[in-house]
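Step one of this worksheet: look at the structure below.
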Amino acid sequence: MKYSLLAAALFALTLSACGGAKNQALPETEKANYERALRGEDVDCPHGIDANGNCLKEGADPRPYGGTSKPGH
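Every letter in the sequence shown is one number past the one before it in numbering that gives the first Met the number 0, and letter 70, counting from 1, is 69.
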């Protein structure tokens, strides 16, 4: 009984850990930047990219909202 529970736990851990990041579902707008980053190429965004792979507009802050670092938050 102990070994079957251990085997089931290890099997579940293996399935969840080895899902593979290359098969993520990404919106079409982010997919091109994500694939370029995986290949090690530069992304064509003059002001950088945010954490989701979107190009930033001029003057935009790439940090997520939260805390008190931005006025009004």
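Every residue, glycine too, gets a C-beta built ideally from N, C-alpha and C.
- C-alpha of L4 to C-alpha of L14: approximately 15 Å in a straight line.
- By the neighbour-count definition (other C-beta atoms within 10 Å, threshold 16), N32 is a buried residue.
- Pairing K56 with D49, the inter-Cα distance amounts to about 10 Å.
- Taking C-beta atoms as the reference points, E29 and N53 count as a pair closer than 8 Å.
- The shortest CA-to-CA distance from G47 to any of A8, L37, A59, G39 is the one to A59.
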